[in-house]
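Heads up: the sequence shown is residues 15 to 545, going by the numbering used here.
Glycine included, each C-beta is placed from N, C-alpha and C at the ideal position.
None of these values were measured; they are calculated from a predicted model.
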Amino acid sequence: MPTPHGLPAYRHRSLSLTALNVPRRFHLPIILLRVLCVLPSSIGILRNLARAWIQPPFDDTGLFDNKSTTLIYSLAIVWCALAGYWSWILTTSMLRRWLYHYELSSAIIRLITLTFINWSCSAFISSHYGADEPIRKWMTICLILLVSNVLKLRFASNAKYHPKSNDTQQEPRITHRSTAVKVLILPFAFVVFITMFASLHQINTIRTHSADLVHYKLETPVATRHTELAESKVRVMVFVISAWTPKSLEKRQIFRETSLQLKPADDDQVSYFYRFILGEPPSEEVRLKMGPKIEAENAANKDMLILPCSDLYNDLSKKVYQTMVWSDQWNFDYLIKTDDDIFVRWDTITKEFITMGRQQRYWRGLSYWNMPPIRNNDNKNAELDYTLPIFPPYTAGALYILSRDVVHLIAGVGGPRMFVRNEDQNLGIWLFPYNIKPILDRRIQQIDVCEEDMIAKHFGDFGEPDAIGGTMHQMLDNLRNGRKMCTGFRSSVCGLCYPCYGKGNHWRDWNFDCDSVKGVTLLKQPQWSVV
15 MPTPHGLPAY RHRSLSLTAL NVPRRFHLPI ILLRVLCVLP SSIGILRNLA RAWIQPPFDD
75 TGLFDNKSTT LIYSLAIVWC ALAGYWSWIL TTSMLRRWLY HYELSSAIIR LITLTFINWS
135 CSAFISSHYG ADEPIRKWMT ICLILLVSNV LKLRFASNAK YHPKSNDTQQ EPRITHRSTA
195 VKVLILPFAF VVFITMFASL HQINTIRTHS ADLVHYKLET PVATRHTELA ESKVRVMVFV
255 ISAWTPKSLE KRQIFRETSL QLKPADDDQV SYFYRFILGE PPSEEVRLKM GPKIEAENAA
315 NKDMLILPCS DLYNDLSKKV YQTMVWSDQW NFDYLIKTDD DIFVRWDTIT KEFITMGRQQ
375 RYWRGLSYWN MPPIRNNDNK NAELDYTLPI FPPYTAGALY ILSRDVVHLI AGVGGPRMFV
435 RNEDQNLGIW LFPYNIKPIL DRRIQQIDVC EEDMIAKHFG DFGEPDAIGG TMHQMLDNLR
495 NGRKMCTGFR SSVCGLCYPC YGKGNHWRDW NFDCDSVKGV TLLKQPQWSV V
């Protein structure tokens, strides 16, 4: 049967633009539009080629380790090439059919629509899969293109879309010369074959090195006993975060005179080693002003450690990390991190250490979960660099306890993935990949509250001593004279996760909720944090 162009219908798939009577001035625009179909795969090839050449340490979010290897990115390049090839075949075939059956303007509109759909699907799939899943992303795109090409071949053989010529039309058969085999089956089998053998090689590599990796990361390293940490059943290293300010100098002295007085003498059950942690002076002016005072203080007490890190508040996470790096060289069983404005019940903590002995994968503190970052610039704890809507579980920085192996997970070679402003939230980010969950201890409070069983009472910048009902000296005096710890202190405020009967408030009024296992969270999440 002759076609509208005067040519046999069964030959239209092999016709050029000239043979299809496309005006010459439209040849270049149509070719360019057709080339656009391979743009997503071309971008994918270039991106994976760059990552295969120089493997980035982090994924696109900058938060997590990049788990993909050079081999994985190389395989992704192969899948990108297959996607580009199938996209070209589909676009070229459909374009020729449209040019054959429709007016030129209608064919161009269909070509633009197909290209738009191709780009949209590729962009959606790329955004759906993680930045560290290059193969899965392009395998999904190839699957869509494979189905599209199969449907195209199926409809192309339908008599409704393929007018019969004078010759007898035979049912298409799948042979080694058929289009389905040459264009779809053979390339697909080739890429799957390469992927299979590359995956086997990757698995073999992982098996070879897994024992070394587990030994390196999870086992407690061989370290040296610090001469000031006596041998006992439970050995504890305590680090009190402080600063180069005159106010911090005063706080350190108060901490020595009050909180440290409750620390029992070392015995065969529990022994302690403690240091106040400072970074490097934030400026030359501070060094000249505070340097002689701090030198004299350390000469008198011999309990200060200056680490090679920033002493600024915004770099507190780096100071805590350097503290753990320094501690990782020593033998101990637990690390306690606290601040110089915290009244710590060392007597209570010591009794609990004796009871529980040595533990592994141990992390205890006032735990928070499903907490969104603060995006308000006016808040000193605002976190604008953390891009995810929710922080992993973390513990309040007032005081937390880590077992030796957990410290090594953080301080081992390679270091943490990232640093955010708040060290308590940073601790949750560092430990999240190891699936270590904090144990809730509500007796640690950061707000202006006083509960009788607390082991960490915050004496922060709440104003004058009268605002909180007393000083650390007065709290120590209560304990020494047999009075309840909170006698004379404001106890009308209900601590987080405590029962609030008879109190002047409830923490739910502050939009907090508490799970007896997970810890503190928000009663109502802000709208911008909902995923």
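Distance CB(residue i)-CB(residue j) smaller than 8 Å
i           : j           : result
residue 44  : residue 60  : no
residue 316 : residue 323 : no
residue 409 : residue 447 : no
residue 388 : residue 397 : yes
residue 355 : residue 425 : no
residue 509 : residue 456 : yes
residue 160 : residue 198 : yes
residue 334 : residue 377 : no
residue 534 : residue 380 : yes
residue 249 : residue 346 : yes
residue 166 : residue 210 : no
residue 66  : residue 88  : yes
residue 97  : residue 56  : no
residue 348 : residue 417 : yes
residue 287 : residue 240 : yes
residue 318 : residue 258 : no
residue 2   : residue 294 : The structure shown does not extend to residue 2, since the chain is modelled only from 15 through 545, so no value can be given for it.
residue 14  : residue 47  : This structure does not reach residue 14, given that the chain is present from 15 up to 545, and the question cannot be answered.
residue 502 : residue 484 : yes
residue 129 : residue 51  : yes
residue 162 : residue 125 : no
residue 489 : residue 357 : yes
residue 238 : residue 340 : no
residue 360 : residue 278 : yes
residue 265 : residue 256 : yes
residue 151 : residue 134 : no
In DSSP terms, what residue i is bridged to
i           : result
residue 319 : 291
residue 344 : 238
residue 284 : 248
residue 453 : 378
residue 528 : 534
residue 255 : 291, 353
residue 324 : 294
residue 33  : According to DSSP, which records beta bridges pairwise, residue 33 is partnered with nothing at all.
residue 90  : Residue 90 is not bridged to any residue.
residue 471 : 357
With 16 other Cβ atoms within 10 Å as the buried cut-off, status of residue i
i           : result
residue 86  : buried
residue 531 : exposed
residue 308 : buried
residue 41  : exposed
residue 38  : exposed
residue 175 : Residue confidence for residue 175 is low, a pLDDT of 47 falling below 50, so the modelled location carries little weight; the figure read from the coordinates is stated next. The residue in question, residue 175, is exposed, as its Cβ has fewer than 16 Cβ neighbours within 10 Å.
residue 289 : buried
residue 306 : exposed
residue 390 : exposed
residue 540 : exposed
residue 260 : exposed
residue 515 : exposed
residue 275 : exposed
residue 529 : exposed
residue 121 : buried
residue 440 : buried
residue 505 : buried
residue 7   : Since the first residue of the chain shown is 15 and the last is 545, residue 7 is not available in this structure.
residue 392 : exposed
residue 82  : buried
residue 454 : buried
residue 522 : exposed
residue 471 : buried
residue 438 : buried
residue 284 : buried
8 Å contact criterion, which residue i and residue j should meet: CB distance rounded
i           : j           : result
residue 525 : residue 517 : Rounded, the Cβ-Cβ distance is 17 Å, inconsistent with contact.
residue 371 : residue 407 : 25 Å between Cβ atoms; not a contact.
residue 132 : residue 91  : About 19 Å separates the two Cβ atoms, so there is no contact after all.
residue 350 : residue 415 : 5 Å
residue 363 : residue 469 : 6 Å
residue 272 : residue 487 : 6 Å
residue 254 : residue 352 : 6 Å
Residue i at chain C interface by Cβ criterion, 8 Å
i           : result
residue 163 : Any reference to chain C falls outside this structure, which holds one protein chain only.
Residue i beta carbon near the ligand GTP (any heavy atom closer than 7 Å)
i           : result
residue 128 : Among the components modelled here there is no ligand, and therefore nothing to report on the ligand GTP.
Alpha helix (DSSP H) segments (min. 4 residues) lying fully within the segment 357-384 | 360-370
Taking only runs that begin and end inside the segment 399-468, name each unbroken beta strand (DSSP E) of 3 or more residues, in chain order.
-> 408-417
Which parts of the segment 109-155 are runs of the alpha helix (DSSP H), unbroken and 4 residues or longer, counting only runs that do not cross its ends?
-> 118-142
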